[in-house]
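Below is one structure; the comments refer to it alone.
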Amino acid sequence: MVDVLGILSFAFDFRFVLLVFVGSVAGLFVGAIPGLSVSMATALLVSITYSWQTTDALATIMGVYVVGVFSGALSAILINIPGAPSSVVTTLDGFPLAKRGQSYQALSYAIMYSFIGTLFGFIALLLVAKPISSLALRFTPMDYFLLALFGLTTVGSLTSKQFSKGLISAALGLLFSMIGIDSVMGTARMTFGIRNLQAGINIVPALVGLFGFSEVLMSLSVSLEDGEVAKMSKTPIRLKELLRHAPLSLWYATIGVFVGALPGAGGPVAAFLAYSQAKRVVKHPSVPFGEGAVEGIVASETANNACIGGAMIPMLTLAIPGDAVTAIILSVFYVHGLRPGPMFIQTNSDMFQAILAGGFVGSFFLLLLGYLAAPRISKVLTIPKRVLLPLVTVLCVIGSFAANNRSFDVLLMFLFGILGFFMRRRSYSVAPMTLAIVLGGMMDSNFRRAVSLASSEDNKLLALFGRPITMILLLLLLITLATNSNLFNRRRKSK
Amino acid sequence: MTTHHKHSMTCYEGIAFLLLSVSLIVYSLVNHAEAQVEWKQSPYLFPLLIAVFLLPLSLSVIKQGAKQCPQESGKFQGKPTLVMVAATALYIASMGLLGFLVSTALFLLFIIRYLGEKRWVVTISIAILFPVVLYLLFAMLLHVMLP
Chain A
1 MVDVLGILSF AFDFRFVLLV FVGSVAGLFV GAIPGLSVSM ATALLVSITY SWQTTDALAT
61 IMGVYVVGVF SGALSAILIN IPGAPSSVVT TLDGFPLAKR GQSYQALSYA IMYSFIGTLF
121 GFIALLLVAK PISSLALRFT PMDYFLLALF GLTTVGSLTS KQFSKGLISA ALGLLFSMIG
181 IDSVMGTARM TFGIRNLQAG INIVPALVGL FGFSEVLMSL SVSLEDGEVA KMSKTPIRLK
241 ELLRHAPLSL WYATIGVFVG ALPGAGGPVA AFLAYSQAKR VVKHPSVPFG EGAVEGIVAS
301 ETANNACIGG AMIPMLTLAI PGDAVTAIIL SVFYVHGLRP GPMFIQTNSD MFQAILAGGF
361 VGSFFLLLLG YLAAPRISKV LTIPKRVLLP LVTVLCVIGS FAANNRSFDV LLMFLFGILG
421 FFMRRRSYSV APMTLAIVLG GMMDSNFRRA VSLASSEDNK LLALFGRPIT MILLLLLLIT
481 LATNSNLFNR RRKSK
Chain B
1 MTTHHKHSMT CYEGIAFLLL SVSLIVYSLV NHAEAQVEWK QSPYLFPLLI AVFLLPLSLS
61 VIKQGAKQCP QESGKFQGKP TLVMVAATAL YIASMGLLGF LVSTALFLLF IIRYLGEKRW
121 VVTISIAILF PVVLYLLFAM LLHVMLP
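Chains A and B are the protein sequences, given in the same order.
Residue numbering for the first sequence is 1 to 495, as defined by UniProt numbering.
Residue numbering for the second sequence is 1 to 147, as defined by UniProt numbering.
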């Protein structure tokens with residue numbers, strides 16, 4: 001059992017709290033500036049905190065992680081560029097709401113439900129680390145593959161006007177993720193002799209290009225007038241109204257924790273799954289989903305922040321990182337001579353307490369900095385397009401370069417920006433492509449592992465799909481495909 | 001963009017995806033044969049699966065294009081978009097020669113002016129101050145390498 005007093009001793013240690021605060025401020029800017037990612041910031045912190053005490057390093061990193069994941073929503077809402085893949089869903093309703101002059105309302109919901117999601121995630125980490133990780137342990141390679149495929153089809157159905165266009169976007173993203181050295185055989189695949197492609201397509205330049213540079217081009221192609229930039233009117237929202245969605249947000253937070261606990265899935269899948277749940281559960285949203293429904297922001301922001309606590313579960317108990325940031329945190333442990341695993345919580349309870357304390361304190365800084373700094377950050381909207389768009393372009397160039405210090409990544413960002421522009425002009429959502437680039441490698445390796453394992457069995461079909469978890473995931477996938485098919489839609493319309 | 005052009009664009013998109021799908025199937029099969037491994041271990045198994053998945057989707061887009069009702073396309077300002085693409089390409093290319101500070105300043109100076117900022121003071125101030133602030137923040141304070 002975790003010593004609550006141990007957590008409190010960290011939470012009341014001035015040095016610890018100050019370092020979480022420093023990390024939180026850094027996370028706020030890193031998350032909000034398009035093209036700068038939380039994983040990039042934490043990766044930089046590993047080198048800076050190399051010689052620090054482990055608890056100091058953890059305090060700073062937890063601040064960056066918690067507030068950085070939230071602040072991706074700031075740029076998603078205010079300028080329609082998600083700060084991180086986790087915030088992609090927030091753009092769907094956040095930006096339309098901001099465009100109607102209700103950005104303060106959108107931000108208030110994002111702040112409050114990111115806070116609730118984070119708290120829930122860390123409470124879950126505190127209470128159910130072991131049971132959830134033991135369930136994740138039962139997942140077979142085919143289950144991981146189906147889970148990712150389910151995530152992609154859900155995204156395709158949610159973000160595109162036509163389901164087939166959403167799926168094409170996902171398929172293209174999967175193709176891009178295949179480029180590089182094959183993880184199983186170690187041979188170059190789809191590189192066409194280009195050496196720089198051997199390292200594969202990095203998600204950062206792809207994300208920056210598809211969402212950042214393509215947004216610049218879209219914005220220019222429509223109009224140079226500044227009228228489209230959302231204005232901020234600080235209409236106060238009553239706490240009672242703000243917390244109206246709290247009971248339902250617990251369900252989204254549960255999804256976030258569960259998805260976070262599954263290695264490889266992470267924030268984007270959690271946000272999309274929660275959003276699709278919201279569309280099913282909330283029968284009468286404030287406005288239709290996709291047009292500025294606060295219910296959509298609530299679902300996405302609760303789930304992606306709850307994912308933080310969830311992603312920590314397999315990282316701490318199984319040494320399997322749940323996402324990119326937890327992979328970097330894992331490296332912090334290794335740098336400091338610690339070995340996470342099934343016995344970690346028992347043998348290194350002080351480190352576990354530091355992580356929990358960092359998470360809880362960080363979530364309070366999220367609330368504080370969110371309400372204090374968000375209205376000021378929104379002033380970026382008052383900058384005219386003729387100035388803002390070139391500045392965003394420069395940030396896109398820096399952001400795509402900084403992740404790997406490769407000029408080739410800047411070129412990739414540029415090409416993905418042009419591709420994203422054409423896709424958006426032709427109503428192909430770029431969100432499924434982004435998610436597919438993130439999940440493609442994991443899907444490939446798990447699919448091949450599943451096929452290899454089944455090939456030695458007599459009944460191959462039963463070996464692949466015969467387990468209860470697999471059957472449930474397959475059923476969910478088939479339902480998603482069927483309910484979005486033309487045949488189903490025609491029948492529904494005829495009724 | 002005319003209505004007829006838009007109508008046929010969807011068909012062309014579908015045909016392009018169909019060609020991509022067929023090319024990918026051929027690519028996967030040829031490279032798999034050269035790799036001389038079983039399918040269960042083949043690096044080309046998953047690309048083949050994606051290609052097969054893409055085939056009916058591209059046919060669906062062609063079908064949609066054939067059936068599509070005439071629609072008015074949205075506003076499109078081609079010239080500023082093209083200028084931005086060209087200026088960014090030049091900016092990226094020039095960074096290797098001129099360095100981050102100079103190329104960023106020149107890019108900002110040109111593009112802000114082109115996009116309609118009439119005040120020289122504002123344009124020059126942004127073009128000089130923004131790269132310097134970024135340089136101080138990233139290169140000096142955060143030790144992040146700049147292009």
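Backbone N, C-alpha and C fix where the C-beta goes; we use that ideal spot for every residue, glycine too.
None of these values were measured; they are calculated from a predicted model.
So, are the CB atoms of residue i and residue j less than 8 Å apart?
i                      : j                      : result
residue 271 of chain A : residue 304 of chain A : yes
residue 92 of chain B  : residue 410 of chain A : yes
residue 388 of chain A : residue 80 of chain B  : no
residue 430 of chain A : residue 210 of chain A : yes
residue 12 of chain A  : residue 55 of chain A  : no
residue 101 of chain A : residue 59 of chain A  : no
residue 167 of chain A : residue 129 of chain B : no
residue 106 of chain A : residue 297 of chain A : yes
residue 355 of chain A : residue 317 of chain A : no
residue 31 of chain A  : residue 72 of chain A  : yes
residue 365 of chain A : residue 20 of chain A  : yes
residue 150 of chain A : residue 434 of chain A : no
residue 417 of chain A : residue 217 of chain A : yes
residue 43 of chain B  : residue 185 of chain A : yes
residue 308 of chain A : residue 63 of chain A  : no
residue 448 of chain A : residue 36 of chain B  : no
residue 81 of chain A  : residue 291 of chain A : no
residue 371 of chain A : residue 111 of chain A : yes
residue 259 of chain A : residue 273 of chain A : yes
residue 436 of chain A : residue 239 of chain A : no
residue 390 of chain A : residue 111 of chain B : yes
residue 106 of chain B : residue 398 of chain A : no
residue 46 of chain A  : residue 362 of chain A : no
residue 10 of chain B  : residue 65 of chain B  : yes
Going by DSSP, what residues sit across from residue i in a beta bridge?
i                      : result
residue 181 of chain A : A/188
Contact criterion: CB-CB distance below 8 Å. Does residue i meet it with respect to chain D?
i                      : result
residue 134 of chain B : Looking for chain D here will not work: the only protein chains present are A and B.
Under a CB-based cut-off of 8 Å, is residue i close to chain B?
i                      : result
residue 257 of chain A : no
residue 397 of chain A : yes
residue 162 of chain A : yes
residue 171 of chain A : yes
residue 119 of chain A : no
residue 448 of chain A : yes
residue 203 of chain A : no
residue 194 of chain A : no
residue 434 of chain A : no
residue 229 of chain A : Reliability of the predicted coordinates at residue 229 of chain A is poor, the pLDDT of 45 falling under 50, and the value obtained from them is presented with this limitation in mind. Chain B, which has no Cβ nearer than 8 Å to the Cβ of residue 229 of chain A, makes this no.
residue 451 of chain A : yes
residue 401 of chain A : yes
residue 305 of chain A : no
If we define contact as Cβ-Cβ less than 8 Å, is residue i a contact residue for chain A?
i                      : result
residue 85 of chain B  : yes
residue 121 of chain B : no
residue 140 of chain B : no
residue 128 of chain B : no
residue 54 of chain B  : yes
residue 45 of chain B  : yes
residue 61 of chain B  : yes
residue 116 of chain B : yes
residue 26 of chain B  : no
Between the segment 239-247 of chain A and the segment 452-470 of chain A, are three or more C-beta pairs nearer than 8 Å? no
Three or more beta-carbon pairs under 8 Å between the segment 12-20 of chain B and the segment 470-478 of chain A, yes or no? no
The segment 358-376 of chain A touching the segment 111-125 of chain B, judged by at least three CB pairs closer than 8 Å: no
Flag this pair as touching only if the segment 325-334 of chain A and the segment 137-148 of chain A have three or more C-beta atom pairs under 8 Å; answer yes or no. no
Would you say the segment 177-184 of chain A touches the segment 35-55 of chain B, given that touching needs at least three Cβ pairs under 8 Å? yes
The segment 66-84 of chain A touching the segment 112-121 of chain A, judged by at least three CB pairs closer than 8 Å: yes
If we require 4 or more residues per run, which alpha helix (DSSP H) segments fall completely within the segment 70-131 of chain A? 88-99
Could you pull out every unbroken alpha helix (DSSP H) segment of at least 4 residues lying fully inside the UniProt domain "DUF1468" (14-147) of chain B, listed in chain order? 45-67, 78-98, 100-114, 120-134
Go through the segment 298-381 of chain A residue by residue and report every complete run of the alpha helix (DSSP H) that reaches 4 residues or more, in order. 324-335, 344-347, 349-377
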